[in-house]
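**Student:** If you scroll down you'll find the structure; I have some questions about it.
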Amino acid sequence: MKRLALLLALLSSVARAGETADDHMLEGARYFQAQQFTEALVEFRVAERTGDAGASWYVASTLVKLRRPEDALDAFERAETSAAGDRDALFDYYHALACYDARLFFCADRLLSALGEQPGPRIAAQARQIRADLAHLISIPPSTGAIDWYHARAQATLSAGRIALARSYYNEASSLAALRSDGYRRKEALAGLARARASVAQAGVAP
Amino acid sequence: MKLELVASLAAFGLLAAGPAHAAAPTDAPPGKAAARAALVTGADLPATPPQLPSQASDAARAALGGRAFGAQGDASRRAREQAARQAADDASESITAASKRAAQAAVAAAASASASANADARAAAGQARSDAAKSKATHGPGTRP
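Chains as they are written, first to last, in this note's numbering: chain B, 4 to 210; chain L, 505 to 649.
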């Protein structure tokens with residue numbers, strides 16, 4: 004009986020001394036609500052490190068609010084690996100915003116098209132509005148300069164070892180090239196995609 | 505206090521999202537439910553209209569950079585962003601380390617309390633045995649206390 008009391012005291016003192024992951028989630032929520040996104044990011048990261056893998060989705064979404072789309076895309080990639088079961092329409096909306104801000108418009112459109120009414124009427128209406136804004140852009144032939152920009156980003160991110168990002172930029176370059184009758188640098192984009200996939204396979208990460 | 509905060513965040517999130525939003529799972533812990541409500545509220549439209557980038561315009565900007573304020577502005581913006589990132593990373597590291605240290609200290613304190621309680625229990629048992637032996641010696645077997 005005494006041992007049980009001691010064990011309970013031990014557990015409660017540990018709980019008081021070291022805040023739990025959920026305490027940090029709550030703090031993060033408070034900062035996020037107050038639009039203090041840097042502080043929210045710190046709290047969500049601590050929650051993630053304290054053992055809540057699902058917090059990685061909140062880290063990624065907060066990076067979107069901080070206007071760090073490429074870091075957000077990397078974080079979404081990590082979240083899909085570490086806490087795939089927590090993925091849902093709300094996070095996909097934030098993921099689409101990260102794609103949009105990184106000028107990965109096909110990526111944004113693909114994610115938004117799959118949302119439906121799941122994230123609620125307000126966010127669903129916003130998703131429809133974004134898709135309407137994108138519709139023209141992703142259906143007319145782009146300039147060669149635009150495609151060159153995606154190749155440059157893909158090469159830079161691949162060199163930096165950010166393979167998922169490189170894949171996204173090559174995907175975008177390939178989709179844009181497909182809109183042009185000359186298929187400008189499309190083969191190069193597909194070769195880049197294959198290179199990025201090979202890097203993923205070599206690193207032993209899920210494609 | 506915590507419950508009030510969770511309730512108000514969740515209520516705000518529900519109002520902002522409308523009646524049919526994808527709610528957090530009912531078994532979600534309070535912190536996560538509040539974080540989800542905050543994300544629902546903060547899900548805005550993009551700040552700028554979509555526009556394809558251009559390698560040519562980037563190159564032109566870079567060429568002009570040496571003569572205009574652009575390069576300095578970009579460098580300064582990059583430095584500020586880098587500093588903010590570093591600060592956020594450092595803060596996360598220190599909070600995690602402080603939490604771990606506090607938890608370790610609590611475990612050590614509780615373990616020490618447990619050891620001391622065991623010693624007390626052993627001493628008390630010894631004392632009881634000794635008292636019983638003394639009592640036996642004084643009253644002898646078969647005598648009433």
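Glycine included, each C-beta is placed from N, C-alpha and C at the ideal position.
1. Looking at chain L, which residues of the region 144 to 155 of chain B have a Cβ within less than 7 Å of any of its Cβ atoms?
2. Since B:Thr-41 is in the alpha helix (DSSP H), which residue starts that stretch and which ends it?
3. Quick check: the region 129 to 140 of chain B against the region 154 to 165 of chain B, are at least 3 beta-carbon pairs closer than 8 Å?
4. Quick check: what's the CA-CA separation for B:Pro-145 versus B:Tyr-173?
5. Here's the rule I'm using: 16 or more other beta-carbon atoms within 10 Å means buried, otherwise exposed. How should B:Pro-72 be labelled?
6. Nearest CA to the CA of B:Arg-92: which residue from B:Leu-168, B:Ala-163, B:Leu-115?
7. In chain L, what lies closer than 8 Å to B:Asp-132 by C-beta?
8. Is B:Asp-25 close to chain L? Criterion is C-beta to C-beta, closer than 8 Å.
9. If I measure Cβ to Cβ from B:His-98 and keep anything under 6 Å in the same chain, skipping five residues before and after, which residues do I get?
10. Any C-beta of chain L within less than 9 Å: which residues of the region 188 to 202 of chain B qualify?
11. I think B:Ile-166 touches B:Ala-199, with their Cβ atoms under 8 Å apart; what is that distance to the nearest whole Å?
12. How would you list, in chain order, the residues of chain L whose beta-carbon sits under 7 Å from the beta-carbon of B:Asp-95?
13. Going by beta-carbon coordinates alone, are B:Cys-110 and B:Ser-171 separated by less than 8 Å?
14. Is it right to say B:Gly-164 is buried, meaning 16 or more other beta carbons lie within 10 angstroms of its own, or is it exposed?
15. When we look at the beta-carbon of L:Pro-534 and count the other beta-carbons within 10 Å, is it buried (16 or more) or exposed?
16. Give me the subset of the region 59 to 78 of chain B whose CB atoms are less than 7 Å from a CB atom of chain L, sorted by chain position.
17. If we require 3 or more residues per run, which beta strand (DSSP E) segments fall completely within the region 90 to 135 of chain B?
18. Note the first and the last residue of the continuous alpha helix (DSSP H) segment covering B:Thr-84.
19. Along the chain, where does the alpha helix (DSSP H) containing B:Asp-151 start, and where does it finish?
20. Do L:Leu-543 and B:Tyr-61 have their C-beta atoms within less than 8 Å of each other?
21. Could you check how far apart the C-beta atoms of B:Ala-56 and B:Ser-85 are, in whole angstroms? I think they sit under 8 Å.
22. With a threshold of 7 Å on Cβ separation, who are the neighbours of B:Ala-181 within its own chain once the five nearest residues in sequence on each side are excluded?
23. Can you give the beta carbon distance from B:Leu-107 to B:Val-67, rounded, assuming they're within the 8 Å contact cut?
24. Is L:Leu-549 helix, strand or coil when you go by DSSP?
**Tutor:** Reading off the structure:
1. Contact residues of the region 144 to 155 of chain B toward chain L are Pro-145, Ser-146, Gly-148, Ala-149, Asp-151, Trp-152, Ala-155 (C-beta to C-beta distance below 7 Å).
2. 40 to 52
3. no
4. 15 Å
5. Flag for B:Pro-72 reads buried.
6. It is worth fixing the name first, because residue 92 of chain B is Ala in this sequence and not Arg. The candidate whose alpha carbon is nearest that of B:Ala-92 is B:Leu-115.
7. Just to set this straight, residue 132 of chain B is Gln in the shown sequence, not Asp. Ordered by position in chain L, the residues that pass the 8 Å Cβ test against B:Gln-132 are Leu-549.
8. yes
9. Phe-79, Leu-114
10. none
11. 5 Å
12. Within chain L, no residue comes near B:Asp-95; the closest Cβ sits about 10 Å away, beyond 7 Å.
13. yes
14. exposed
15. buried
16. Tyr-61, Ser-64, Lys-68
17. none
18. 72 to 85
19. 147 to 162
20. yes
21. 4 Å
22. Arg-189
23. Not confirmed; about 13 Å, so no contact.
24. coil
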